[in-house]
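Number of protein chains: 4
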Amino acid sequence: MTVCPLEYRYGTAEMRRLFSRENLVTRMVEVELALLQGLASAGLAPEECGSIGGVTVRPSMLDEAERRIGHEVAALAEILAEKLGGCGKYVHLGATSNDIIDTAWALVLRDALSIIGSRLWSLIGALRRLAEEHMDTLMVGRTHGQHALPVTLGFKAANYVYEFSRSIVRLCEARRRVVLGKMSGAVGTMAAWGSAGLLVEAEALARLGLKPHPISTQVAPRDGYAELAAVLAILASQLDRLATEVRELSRPEIGELAEPGSRRRVGSSTMPHKSNPTLSERVSGLARIVRGLAVAGFENLVLWHERDLSNSSAERLLLPHMFMLVDQMLADAARIVEGLEVRAEAMRRNLELSRGAILSEAVMVKLVEKGVPRHEAHRLLRRLALRAEAEGKGFAELVKESPEVSDLLGGELDEILDPSNYLGMYRELVARAFEYAERAAKVCGYSNSSQGSTRTCSYST
Amino acid sequence: MTVCPLEYRYGTAEMRRLFSRENLVTRMVEVELALLQGLASAGLAPEECGSIGGVTVRPSMLDEAERRIGHEVAALAEILAEKLGGCGKYVHLGATSNDIIDTAWALVLRDALSIIGSRLWSLIGALRRLAEEHMDTLMVGRTHGQHALPVTLGFKAANYVYEFSRSIVRLCEARRRVVLGKMSGAVGTMAAWGSAGLLVEAEALARLGLKPHPISTQVAPRDGYAELAAVLAILASQLDRLATEVRELSRPEIGELAEPGSRRRVGSSTMPHKSNPTLSERVSGLARIVRGLAVAGFENLVLWHERDLSNSSAERLLLPHMFMLVDQMLADAARIVEGLEVRAEAMRRNLELSRGAILSEAVMVKLVEKGVPRHEAHRLLRRLALRAEAEGKGFAELVKESPEVSDLLGGELDEILDPSNYLGMYRELVARAFEYAERAAKVCGYSNSSQGSTRTCSYST
Amino acid sequence: MTVCPLEYRYGTAEMRRLFSRENLVTRMVEVELALLQGLASAGLAPEECGSIGGVTVRPSMLDEAERRIGHEVAALAEILAEKLGGCGKYVHLGATSNDIIDTAWALVLRDALSIIGSRLWSLIGALRRLAEEHMDTLMVGRTHGQHALPVTLGFKAANYVYEFSRSIVRLCEARRRVVLGKMSGAVGTMAAWGSAGLLVEAEALARLGLKPHPISTQVAPRDGYAELAAVLAILASQLDRLATEVRELSRPEIGELAEPGSRRRVGSSTMPHKSNPTLSERVSGLARIVRGLAVAGFENLVLWHERDLSNSSAERLLLPHMFMLVDQMLADAARIVEGLEVRAEAMRRNLELSRGAILSEAVMVKLVEKGVPRHEAHRLLRRLALRAEAEGKGFAELVKESPEVSDLLGGELDEILDPSNYLGMYRELVARAFEYAERAAKVCGYSNSSQGSTRTCSYST
Amino acid sequence: MTVCPLEYRYGTAEMRRLFSRENLVTRMVEVELALLQGLASAGLAPEECGSIGGVTVRPSMLDEAERRIGHEVAALAEILAEKLGGCGKYVHLGATSNDIIDTAWALVLRDALSIIGSRLWSLIGALRRLAEEHMDTLMVGRTHGQHALPVTLGFKAANYVYEFSRSIVRLCEARRRVVLGKMSGAVGTMAAWGSAGLLVEAEALARLGLKPHPISTQVAPRDGYAELAAVLAILASQLDRLATEVRELSRPEIGELAEPGSRRRVGSSTMPHKSNPTLSERVSGLARIVRGLAVAGFENLVLWHERDLSNSSAERLLLPHMFMLVDQMLADAARIVEGLEVRAEAMRRNLELSRGAILSEAVMVKLVEKGVPRHEAHRLLRRLALRAEAEGKGFAELVKESPEVSDLLGGELDEILDPSNYLGMYRELVARAFEYAERAAKVCGYSNSSQGSTRTCSYST
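Chains as they are written, first to last, in this note's numbering: chain A, 156 to 616; chain B, 156 to 616; chain C, 156 to 616; chain D, 156 to 616.
See the structure below:
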């Protein structure tokens, strides 16, 4: 019996493996063995206990022991103690549960952030390719849902490149505050290891490839997880914004974009004609859950004294859910962008819908150049725009008929009213967005080629 | 591989069964058959199609079909169409997916609310028994974490009885807005059934024991789920408040309460002496997730036009998680209250900690009775309280020595300074709380005996 | 210097007055005088102290005293003690600050809920008038942003009538749990009044027209405020849904609705042609703040023991902000609906956009009536819909050409493809929505005429 | 009439000035003049229009014009156009409202972040001084609210130093993504300035000391504000954690800390003896509002296409409220830490409360050193701890009597049971925390002296 859609519906297999109970237990075992190595290096355990590896503990075995003992990590320590023969008695020596749990989470999060980072970098790559391909594909720029000025699809895509690249940097920065080991005992003083504490910590974490928190209580400080949750919620909201873009531009009245496959899927169990942007809608829906969970992350850092346990149950849910959901959303978004159907002719048609009014600013600017005060030009053109709508006439037509305008702009009007002449510095701005993405990738250890991404993410702290 | 702790850690088996994919599919089949009955009653399907029952569909079969078709309910309709022979072609006729999904949810939520209601009523019962047993057990009343005035444990428990009874009523009221059928077709007009729409709806829902929403779009209005989520978040926060009470009063410096079993459990993997209120801490932790998810519920009702799909993925997570977690929290809370260790002697000791200052108000009131203006009495006693602390003397002692006080109150002072004489109308107020609980239970269909609770929850709309 | 837009931008004057510091202080004075009457009735103060009225305290005077004393209510008590001559010394006797504050809030909230209720009932009235006027105005029903089936604008409006009426009921129900007096002393036992406690409470609250909480700690239980915040957040989200409807249907490509005045306002400082649905956008924006504040409401009820002070600062912000913002949103929504520009011709045009595909379900239903199995009919029509799109042909045309369809439906096809014939039971469903609204209004004490609303809101508990 | 407590109760005068409507208008004027300079530099306005300064606009004048025109920035542009004589007609030329608004916000946020940063750095300084002064002041380390192991107050304070220093870095990093100019016109293409766009932008922003966003839509990307809100919510939650520490340790049963002035303030209007940690409670209360508002920040970034207006109203509330409240909380926290009453004798007394059990781990570790397997030692000592509690005996006493222990540890036991011998590497860890703080300060441009902080905050992007 399965109740949670994470088990069968959302999240990739890769990410599911990372957050599986199997992997969490494996990571905890790994940390216990690293600690044993730390103890051995510090002379607190026999030398031969330092090089033990290849130990596995099945979750079911742990569950059985936990039921008996009433404490998960104590149960694990007991199982390991029995498994490791002569070294058994040094297992977990001087450590507290969260030395194991928090350090195991750091290992899981390191991998999970690597996956998220890669997927995000892939999505940015897809957006860049879209931007390049449609650098000059003219379309309506919309504000308030209304027609504003012309843009190109490439320019639009490049804005997303920039926005998502900011998330790349945020993830990098958050990573430096959560992918850290915690090996400092019950209240963080390392008391059980006497003067060898720093050595135990250094050796244990070196084996795991982690740096330590400079200081800690019983637990690593929870502001790190809160930050991670917030950064993922921001990323989820950015994906929601992209999905909303696709959903809106897929409306039949607009018809500029279509989600890949929306035509092949059954859209409705009752309306045979329906073609729905369901992938994008899923992204928007899941974003709400991620935003909600971020709130729990904030509350979760208000722990009593050297810690209380209230963060524990919340984190067992918070961390897998946020990562699995954002993982799914990124996979969906990449699929959407990579297979996006672009209908340039609909874009063009919509651009002409206002019969020139979308270029009213262009006319205004030219009038000002000819010496008309800006606010007078604004009033004049607003009047013409209202008249065009009231009389059902074209704005372009009225502008040409208007003596105030045509006397000044006469022959230039056709050029002024051509949307492809009113795109400003879009090429340079797209280039700046791409440069930002490259810088972000470099700082965060991604290769700067758009066709793929490396998994390693090396930061200089 | 399991990633979600709902699968193995949180939520009772009873609730897990309800929200299992198996049960959801079963419920959807049930609704499809009820619809078939509605169609038959209205003459839109042969009469014999109206009495079909006992059909089961395995989730794996549905998954397989969904992968092929790309739409869950369309896949289910196809499976049923094949299973039902001559009636197959009438399956799902004129219905939209959410006729099936929303009505199936109504059935699941009816059962889930019944479980939550029962557990909550049991918890209230346990609190009432605690209140009765400790009606006169004196303890410190605390405000700002500081000693305020004496109360009794029974009085404290009765406040929780009142607070939780308010949640009983809220759940009842929310139930009336979510346990309703939705059988109105693709945009809510019942168009496919022509003039027979109201009849199809009436017959189908009658079989399921549901009343209909008076009107709907493609879906039942989502403010109902948002309300449910909010009401559960309030209940979760009340449970958090109760858990916080236990956690605080279990501090060794206070020592007035102890969670059951906290002594038998291993408290720490490294500190052998630890006895931790881990059940209560779990309640506090899970409350954060429930609060966070409620936010998603609010956002989720802002659907476009006759609906968009964004609510769907969010609800697949929202509903099971909220119910499973609150279910676990209620089970934990009941266990805590039922097995609560009460240490009356520690309560008494703490009551004496301020050496009389906790009764400063009692003295003040008597001084006013003797004619001293209230604010002068307040100033005088505040001065004595500060002096007591500064000089390390007992407040009672100083009060007796103070001529301003003892001249007026002399012989009565011992009686005034006895905390059991300063409890006001606590017995009457406890009785009022109990009466409120009875009224709440009656309105919501619970039996008014404290030893148990019925499952049926009959409301008059 | 003003920092908060509530001071000059959002919220009506009526609501601002209610939540002004002046009014809060006035209400606290009123409660202190009511308490004095309670004390007099119970013989704890001279009889003549029971009938004092007409006392005012200026906020600036209170601020000055608070700065000196460091406690707001203590300062108020001192000011009153000085003002009331011989009765002065009985002021606030035996009460705690929150007897005054919570009871004053109950008075403010009673008025505030009355305003919100009236505005909401007015909005429902406007939606009903819209529904009546456009009962038969045909338009596209949209799901996923895509065309689904025809509806009428009246039917759409009636769905909002139902949804908002549910909020009417929720507000009513929440009101019964928050508009209650709290007069029970420092820890809720009424200790200072000895055996006269219940009498003091009854007399004081009778003067204010309030019933008491059956039991309380130092404060009224905060689940009530949390519920109120949640109910307002749900209402805000419903308003957001309505505003989103208007914003979407105002897109120039759709053009079915326009916000009143959107044409007269300057839409853009730079684009003279812009007509933006800024009122609706404001509603959507403010909804986010209201949703966010609801979270604070949940957290705020987790108070320690007989209370801690942490709720106080949060509530000073939470309550005025939520009410002022929802007040503004309701005023905006009413203005939008009352002045809504409806463009029936655009609705008609969009209905024809799919060249008949929007009626594919209607054709399917008829085919099933003729004996075609439902899922075969679904497949056939889906194929035709895809072909229509691929070949740029009309769906209606293809359907007529298709022998599988025309052989069966031949002469009926024109009628089947007429959207006004495929509206199902819309009139009956609209009537049911109106009935629900009437019932809701009756339960909550609103007059059932649509042209206005009464201010009194009488509930039977 | 004032409704919002930001006007008179929360936030420092310094911060209030920044977010006052006066300052916002001043900043917008400044940006308009900078734009004029950009236009002049690019030859789009006469040279003399580039050096205009010293223009002021009163909010009341703006309000009046906005009421007439219906658009705030259009109104401002018109006022300036009238004021600036011959240059008037170039005002706002080619710009969109959010060029002005977003860039003005960047200026305000630059100052606001500087204040927040300074206050936070001061708080860290106060915590460092506390840590230094009480480096060796022994106290109980608590987990789950229960006694765990000894720590020192200095060690505890150093943990807060580390945690808050992480916020210093987060603020720095967020700053780089929000303190950026936006000068790119109606849809971000700079179209109105033709090929001079980049020059206009560069010159205008140089005057203001800002770098530009590499690309933008009509607005600067809102993920930046969302991040800022989240970072402030994390900081607020950290302050809540600190405040909770003080509130808990001020409980009379614990009595280790007291908030400054808690003794002098009137604690209660009715209980003369009360001394309440009201400053700390206020911090906890306000944190909830800040956390709630952060949710609105996430939602707020999901804007349609090149933007919709829904972010505008939300931000008018979000930004001032978050900054004003965190500002107040930081001021409160600094006051608390700087004036904190530390009661070392109570700390010592509590340390002895468990009569040695708090050192059970220390004994366990020594037993393991002598060859006892860890989990056997754990079981033995747990048994002794339970017996001690059951029999009301001292744990230390029982340990000494136990032959299993005393045979092995005999003469060392007194030393082992001395808490000051079981503090591990606390001094080194405190030093590491301080080093982290120094590094954070250096990166973010704070002076590294603990006695004060500079206001300038120079980042290398």
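Beta carbons: idealized from backbone N, C-alpha and C, even for Gly.
{"Item": "Can a CB atom of chain C be found closer than 7 Å to the CB of V433(B)?", "Value": "Reading off the sequence shown, one finds Thr at residue 433(B), where the question assumed Val. Not an interface residue."}
{"Item": "Quick check: the Cα distance between G349(D) and M294(C), rounded to an integer number of angstroms?", "Value": "43 Å"}
{"Item": "Enumerate in chain order the residues of its own chain whose CB-to-CB distance from I323(C) is below 8 Å, with the five nearest sequence positions on each side excluded.", "Value": "G272, L275, W276, I279, A592, A595, A596, C599 and Y601"}
{"Item": "Below 9 Å on C-beta distance, what does P403(D) contact in chain B?", "Value": "It is worth fixing the name first, because residue 403(D) is Glu in this sequence and not Pro. Simply G300, E403 and R406."}
{"Item": "So, does the CB of H460(A) fall closer than 7 Å to a CB anywhere in chain D?", "Value": "yes"}
{"Item": "Check the Cβ-Cβ distances between G600(A) and every residue of chain B, and say whether any is below 7 Å.", "Value": "no"}
{"Item": "Between L448(B) and chain A, is there a C-beta pair that is closer than 7 Å?", "Value": "yes"}
{"Item": "Can you find a C-beta in chain C that's less than 7 Å from the C-beta of M156(D)?", "Value": "yes"}
{"Item": "Identify the contact partners of E583(A) in chain D, using a Cβ-Cβ distance below 7 Å as the criterion.", "Value": "L353"}
{"Item": "If you run the structure through DSSP and keep just helix, strand and coil, what is Q192(C)?", "Value": "helix"}
{"Item": "Am I right that C204(A) and Y245(A) are in contact with their C-beta atoms under 8 Å? What's the rounded C-beta distance?", "Value": "6 Å"}
{"Item": "Do I571(A) and A532(A) come within 7 Å of each other at the CB atom, strictly closer than that value?", "Value": "no"}
{"Item": "Kindly indicate the opening and closing residues of the alpha helix (DSSP H) around Q483(A).", "Value": "S465 to E493"}
{"Item": "Determine whether the beta carbon atoms of S575(B) and M156(A) lie at a separation below 7 Å.", "Value": "no"}
{"Item": "Does DSSP put P160(B) in a helix, a strand or coil?", "Value": "helix"}
{"Item": "Where does R498(D) fall in DSSP's three states?", "Value": "coil"}
{"Item": "Excluding the five sequence neighbours on either side, which residues of its own chain have a C-beta within less than 6 Å of the C-beta of L618(D), listed in chain order?", "Value": "Here chain D comprises residues numbered 156 to 616, so residue 618(D) is not present and cannot be evaluated."}
{"Item": "Nearest by alpha-carbon distance to A281(B): which of T372(B), G309(B), S439(B) and P475(B) is it?", "Value": "G309(B)"}
{"Item": "Would a check of beta-carbon distances place A312(D) closer than 7 Å to chain A?", "Value": "no"}
{"Item": "Which chain A residues are close to T399(D), counting only those with a beta carbon under 8 Å from its beta carbon?", "Value": "V457 and W459"}
{"Item": "List the residues of chain B that R504(A) touches, going by C-beta distances under 7 Å, in chain order.", "Value": "Going along chain B, no residue has its Cβ under 7 Å from R504(A), so there is no contact; the nearest lies around 23 Å."}
{"Item": "Within the continuous beta strand (DSSP E) that includes H302(B), where are the two ends?", "Value": "Q301 to T307"}
{"Item": "With contact counted as at least three CB pairs below 8 Å, one residue from each stretch, are the stretch 213–226 of chain B and the stretch 491–499 of chain C in contact?", "Value": "no"}
{"Item": "Per the DSSP calculation, W296(D) is bridged to which residue(s)?", "Value": "Here the sequence assigns Gly to residue 296(D), which means Trp is not the residue at that position. BP columns for G296(D) point to L304(D)."}
{"Item": "Any contact of the stretch 446–455 of chain D with the stretch 382–402 of chain D, i.e. 3+ C-beta pairs under 8 Å?", "Value": "yes"}
{"Item": "Might you give, ordered along the chain, the residues of its own chain that have their beta carbon closer than 8 Å to the beta carbon of A488(C), omitting 5 neighbours on each side?", "Value": "L278, L394, L397, A398 and V438"}
{"Item": "Figure out for me which residue from K238(B), G296(B), Y315(B) and R172(B) has the closest Cα to the Cα of G579(B).", "Value": "G296(B)"}
{"Item": "Measuring only between beta-carbons, confirm whether I389(B) sits less than 7 Å from chain D.", "Value": "no"}
{"Item": "In this structure, does DSSP put A551(A) in helix, strand or coil?", "Value": "helix"}
{"Item": "Taking DSSP as the reference, what is the three-state secondary structure of P367(A)?", "Value": "strand"}
{"Item": "Does I409(D) have its Cβ less than 7 Å from a Cβ in chain B?", "Value": "yes"}
{"Item": "For L506(B) versus M519(B), is the C-beta spacing smaller than 7 Å?", "Value": "no"}
{"Item": "Is the Cβ-Cβ distance between V186(C) and I234(C) less than 7 Å?", "Value": "no"}
{"Item": "What are the residues of the stretch 364–375 of chain D that lie near chain A, defined by any Cβ-Cβ distance shorter than 8 Å?", "Value": "H368, P369, I370, S371, T372 and Q373"}
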